[in-house]
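Please read the structure below before turning to the comments.
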Amino acid sequence: MIDLKLLSDDFEATAARLVRKRVPIELVRSARDLAESRRQVVREVDDARQEMNAGSQSVGRLMREGRREEADALRAGLADSRGRIEALEARRREVEEALDDVVARIPNIPDDVVPDGTSEDDNRVVRTHGYDPADYEGRSYEPHWEVAGRLGIYDGERAAKLSGGMFSVLRGGGARLLRGLVDFALDLHKDRYLEIAPPHAVRSDVITRTGHLTKFESQAYKLRDDDLWLIPTGEVPLMGMHQDEILPEADLPLRYMAYTVCWRREAGAAGKDTRGMQRLHEFHKVELAELCRPEDSDAELAALLGDCERSLQTLGLPYRVVELCAGDLTFSASRVFDLEVYSPGVDRWLEVSSVSLVTDFQARRGAIRYRKEGGGTAFVHTLNGSGLATPRVWSAIVEHGQQPDGTVRVPAALVPYVGTEVIAG
RNA sequence: GGAGGGAUGGCAGAGCGGCCGAAUGCGAGGCUCUUGAAAAGCCUUGAGACGCAAGUCUCCGUGGGUUCAAAUCCCACUCCCUCCGCCA
Numbered sequence: 017m018i019d020l021k022l023l024s025d026d027f028e029a030t031a032a033r034l035v036r037k038r039v040p041i042e043l044v045r046s047a048r049d050l051a052e053s054r055r056q057v058v059r060e061v062d063d064a065r066q067e068m069n070a071g072s073q074s075v076g077r078l079m080r081e082g083r084r085e086e087a088d089a090l091r092a093g094l095a096d097s098r099g100r101i102e103a104l105e106a107r108r109r110e111v112e113e114a115l116d117d118v119v120a121r122i123p124n125i126p127d128d129v130v131p132d133g134t135s136e137d138d139n140r141v142v143r144t145h146g147y148d149p150a151d152y153e154g155r156s157y158e159p160h161w162e163v164a165g166r167l168g169i170y171d172g173e174r175a176a177k178l179s180g181g182m183f184s185v186l187r188g189g190g191a192r193l194l195r196g197l198v199d200f201a202l203d204l205h206k207d208r209y210l211e212i213a214p215p216h217a218v219r220s221d222v223i224t225r226t227g228h229l230t231k232f233e234s235q236a237y238k239l240r241d242d243d244l245w246l247i248p249t250g251e252v253p254l255m256g257m258h259q260d261e262i263l264p265e266a267d268l269p270l271r272y273m274a275y276t277v278c279w280r281r282e283a284g285a286a287g288k289d290t291r292g293m294q295r296l297h298e299f300h301k302v303e304l305a306e307l308c309r310p311e312d313s314d315a316e317l318a319a320l321l322g323d324c325e326r327s328l329q330t331l332g333l334p335y336r337v338v339e340l341c342a343g344d345l346t347f348s349a350s351r352v353f354d355l356e357v358y359s360p361g362v363d364r365w366l367e368v369s370s371v372s373l374v375t376d377f378q379a380r381r382g383a384i385r386y387r388k389e390g391g392g393t394a395f396v397h398t399l400n401g402s403g404l405a406t407p408r409v410w411s412a413i414v415e416h417g418q419q420p421d422g423t424v425r426v427p428a429a430l431v432p433y434v435g436t437e438v439i440a441g
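The first sequence begins at 17 in my numbering and counts up by one.
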């Protein structure tokens, strides 16, 4: 959630920044007005309470002094003021509910350096690494599901039999490639990130406060008999760990990585780009996530982006870095860089990582703070990015590594992890 | 799943319905003493909301109830611990 103070202190500027993210101005106005109403009601409640507290204390004093009749008289009057407090409280709840509802629709404020734009088309390619169209001329590339299907390392039909569409079954060298990718990613980042093995099911409270379950949409799977949700990303437990904590400043930044399975319902996303392993309900991912001081978050974002790029560089995959425009930013992010790998089999750039700066948006809802060395507390900034999202990297390796004889060449850096230079089945 | 115990500030740990936002100890910060340090002594030290400020309000696991008044009494829930059962 955003800082409501920004709306009362500097409405025009804040509204202008939100409008860049396609937020309707009426929504921002209504948040400001409701916040003001709330302030007023809270003040009335406080005043009423003060009166009541003072009265109650007088009753106590009179009783101790043995002045019974005076105490009884006062007590009768206080019963009424309790009714008044209850009425005011009811109004406060009403206003707060309305405010929460509006605030829940307001996304994080885009960073001023983010380019203007309203859609994907306005995103900016920052740089391209390792890609030369000449490399692909004079040869045909098949999509990964063809290559992998023929090798028997990917079985889409059995996956559908077990679980329906958008699930995968990997076999033999395909399963080994998946496992190797995970190990590779964890090893690559172990010096800067603390490895965590978190739960894959979390409470409603946790997934809500990390921003992955809202009144308006749910990408997550719910367990039937318990108040638990399967995580859509490792970010959820990594950030949820510190909810309601006040961290010592000296502990920051906290950099974590976690290998988890991720589940996404992706309702309505069926159809396009779903062939093979491009989009799955269940996939494996090594997530990088961190908490830091606000003044460090720009530098941490650059470093995190570099770390995520390093995964692709080391694997020798051609990719480009795309900065999302204001109108295309995800709800919680103030700034996002997508990493897209070139997939020759489908001749497309596929998003394999989304590196996000979330500023204090997530920390505010999750109440993740730190104690400043000079005194006082403040919300941390949070960041996250995929260190390696397996399905699309897996398929990119298959498409790039395909050889005339139908086998797949394994990138050199991955050979020790997969245990073979060539996947032949 | 069954039986019992518990949840209070950074930690440990008190707390007869009113003088309790809360003893005490530890930790942390400041000061005195000292050449310096230790020891000792003194002082300070939870979070949040509103307010220029004085100050007021909220928070003792969560939610409800009783009462003029709840950390304290009642109800429900959640979590933790111990024992039993089951189990990778």
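Every residue gets a Cβ at the ideal spot worked out from N, C-alpha and C, and that includes glycine.
Q | Segment limits, beta strand (DSSP E) that includes arginine 281 | A | For this step, residue 281 is matched to residue 265 along the first sequence. Note, arginine 281: premise wrong, no beta strand (DSSP E); not H, not E.
Q | Residue span of the alpha helix (DSSP H) that contains isoleucine 413, given as start and end | A | Residue numbering aside, residue 413 sits at position 397 when the first sequence is read from its first letter. Start and end: 406 to 417.
Q | Cβ-based neighbour list, glycine 361, same chain, cut-off 6 Å, excluding 5 preceding and 5 following | A | The residue given as residue 361 occupies position 345 in the first sequence. By the criterion of a C-beta distance shorter than 6 Å, glycine 361 is surrounded in its chain by Tyr157, Glu158, Pro159, His160 and Glu415, once the five residues flanking it on both sides are discounted.
Q. Roughly how far, in whole angstroms, is the beta-carbon of asparagine 218 from the beta-carbon of leucine 244, given that I think they are within contact range, below 8 Å?
A. As a first step, residue 218 is located in the first sequence; it is residue number 202 there, counting from the start. As a first step, residue 244 is located in the first sequence; it is residue number 228 there, counting from the start. Checking the sequence, you will find valine at residue 218 rather than asparagine. Their Cβ separation, rounded to whole angstroms, is 7 Å, which keeps valine 218 and leucine 244 in contact under 8 Å.
Q | Inter-residue CB distance, serine 46 and valine 118 (contact presumed, cutoff 8 Å) | A | Here residue 46 corresponds to residue number 30 of the first sequence, with the count starting at 1. Here residue 118 corresponds to residue number 102 of the first sequence, with the count starting at 1. Right, their Cβ atoms sit about 5 Å apart.
Q. Do you know offhand how far methionine 68's Cα is from glycine 82's?
A. Sequence index remark: in the first sequence, residue 68 carries index 52 (1-based). Sequence index remark: in the first sequence, residue 82 carries index 66 (1-based). Roughly 21 Å separates the two Cα atoms.
(Q) I'd like to check one pair, arginine 55 with proline 126: are the Cβ atoms closer than 8 Å? (A) On the first sequence, position 110 is the one that residue 126 refers to. On the first sequence, position 39 is the one that residue 55 refers to. For proline 126 and arginine 55, no; Cβs fall outside 8 Å.
**Q.** Distance CB(isoleucine 384)-CB(phenylalanine 395) smaller than 8 Å
**A.** Stepping through the first sequence from its first residue, residue 384 is reached at position 368. Stepping through the first sequence from its first residue, residue 395 is reached at position 379. Taking 8 Å as the Cβ cut-off, isoleucine 384 and phenylalanine 395 qualify as a contacting pair.
**Q.** Sheet register partners of alanine 394 (DSSP bridge)
**A.** For the purposes of this step, residue 394 is taken as the residue at position 378 of the first sequence. Per DSSP, Tyr386.
(Q) For a test of the three-state rule: what should DSSP assign to phenylalanine 347, helix, strand or coil? (A) Numbered from 1 along the first sequence, position 331 holds the residue referred to as residue 347. In the structure shown, phenylalanine 347 sits in coil (DSSP, three-state: anything other than H, G, I, E or B).
Q. Could you give the distance in angstroms between the alpha-carbon of proline 131 and the alpha-carbon of leucine 307?
A. The residue labelled residue 131 in the question sits at position 115 within the first sequence. The residue labelled residue 307 in the question sits at position 291 within the first sequence. The alpha-carbon atoms of proline 131 and leucine 307 are separated by roughly 25 Å.
Q.
Starting from glutamate 306, trace the beta strand (DSSP E) in both directions and tell me its first and last residue.
A. Counted from its first residue, the first sequence places residue 306 at position 290. Note, glutamate 306: beta strand (DSSP E), 298 to 308.
Q: Grab the span of the alpha helix (DSSP H) containing histidine 160 for me, first residue to last.
A: By 1-based counting over the first sequence, the position of residue 160 is 144. Run containing histidine 160: 160 to 167, per the alpha helix (DSSP H) assignment.
Q. Short check: CB of valine 75 to CB of arginine 100, under 8 Å?
A. Numbered from 1 along the first sequence, position 59 holds the residue referred to as residue 75. Numbered from 1 along the first sequence, position 84 holds the residue referred to as residue 100. Going by C-beta atoms, valine 75 is not nearer than 8 Å to arginine 100.
Q) Which residue from Ile247, Val431, Leu270 and Thr249 puts its Cα closest to that of histidine 258? A) Stepping through the first sequence from its first residue, residue 258 is reached at position 242. Out of Ile247, Val431, Leu270 and Thr249, Leu270 has the C-alpha closest to the C-alpha of histidine 258.
(Q) Would valine 302 and valine 198 qualify as a contact pair, given that the criterion is a beta-carbon distance under 8 Å? (A) Looking up residue 302 in the first sequence gives position 286. Looking up residue 198 in the first sequence gives position 182. The Cβ atoms of valine 302 and valine 198 sit closer than 8 Å to each other.
Q. Going along the chain, which unbroken runs of the beta strand (DSSP E) with 3 or more residues stay wholly within the region 194 to 278?
A. 210 to 212, 217 to 219, 244 to 246 and 262 to 264
Q | Beta-bridge pairing of arginine 140 - partner residues as DSSP gives them | A | Translated into positions along the first sequence, residue 140 becomes position 124. BP columns for arginine 140 point to Glu339.
Q) Considering only C-alpha positions, which residue in the set Ser24, Glu42 and Val35 is nearest to serine 53? A) Here residue 53 is taken as the residue at index 37 of the first sequence, counted from 1. It is Ser24 whose Cα lies nearest to the Cα of serine 53.
Q) Taking three-plus beta-carbon pairs below 8 Å as touching, is the region 234 to 242 in contact with the region 171 to 189? A) no
**Q.** Minimum C-alpha distance to leucine 340 - residue among Asp363, Asp312 and Ser372
**A.** What you label residue 340 is simply residue 324 of the first sequence in a count that begins at 1. Here the closest residue by C-alpha is Ser372.
Q: Whole angstroms is fine: what's the gap from leucine 328's alpha carbon to leucine 204's?
A: For the purposes of this step, residue 328 is taken as the residue at position 312 of the first sequence. For the purposes of this step, residue 204 is taken as the residue at position 188 of the first sequence. Taking the straight line joining both Cα atoms gives about 11 Å.
Q) Taking the continuous beta strand (DSSP E) assigned at arginine 364, which residues delimit it? A) The residue given as residue 364 occupies position 348 in the first sequence. It spans 364 to 375 - the beta strand (DSSP E) in which arginine 364 sits, taken as one unbroken run.
Q.
Suppose you measure from the CA of arginine 108 to the CA of aspartate 116; what does that come to, to the nearest Å?
A. On the first sequence, position 92 is the one that residue 108 refers to. On the first sequence, position 100 is the one that residue 116 refers to. Answer to the nearest angstrom: the Cα atoms are 12 Å apart.
Q: Could you tell me the distance, in whole angstroms, from the CA atom of alanine 31 to the CA atom of aspartate 19?
A: Taking the first residue of the first sequence as 1, we reach residue 31 at position 15. Taking the first residue of the first sequence as 1, we reach residue 19 at position 3. Going by the C-alpha atoms only, they are around 12 Å apart.
Q. Quick one, are the C-beta atoms of leucine 296 and phenylalanine 183 less than 8 Å apart?
A. Counting from one through the first sequence, the residue named residue 296 turns up at place 280. Counting from one through the first sequence, the residue named residue 183 turns up at place 167. Closer than 8 Å, so yes.
**Q.** Selected residue, minimal CA-CA separation from leucine 229, among Pro214, Ala64 and Glu282
**A.** Looking up residue 229 in the first sequence gives position 213. The residue with the shortest Cα to Cα distance from leucine 229 is Glu282.
Q.
Once DSSP output is grouped into helix, strand and coil, what is the label at leucine 399?
A. In the first sequence, residue 399 corresponds to position 383, counting from 1. Reduced to three states, the DSSP call for leucine 399 is strand.
Q) How do the region 206 to 226 and the region 416 to 428 stand: do at least 3 beta-carbon pairs fall below 8 Å, yes or no? A) no
Q | Three-state secondary structure (DSSP) of leucine 355 | A | As a first step, residue 355 is located in the first sequence; it is residue number 339 there, counting from the start. Strand, per DSSP.
Q: Kindly indicate the opening and closing residues of the alpha helix (DSSP H) around arginine 121.
A: Working through the first sequence from its first residue, we reach residue 121 at position 105. Careful: arginine 121 lies outside any alpha helix (DSSP H) and carries neither H nor E.
Q: Report back the beta-carbon spacing between tyrosine 335 and leucine 355 to the nearest angstrom; my notes put them in contact at under 8 Å.
A: Looking up residue 335 in the first sequence gives position 319. Looking up residue 355 in the first sequence gives position 339. Sure, about 6 Å apart at Cβ, within 8 Å.
**Q.** Separation of glycine 401 from valine 185, as counted between CA atoms
**A.** Along the first sequence, one-based indexing puts residue 185 at 169. Along the first sequence, one-based indexing puts residue 401 at 385. Each residue's Cα considered, the two are about 26 Å apart.
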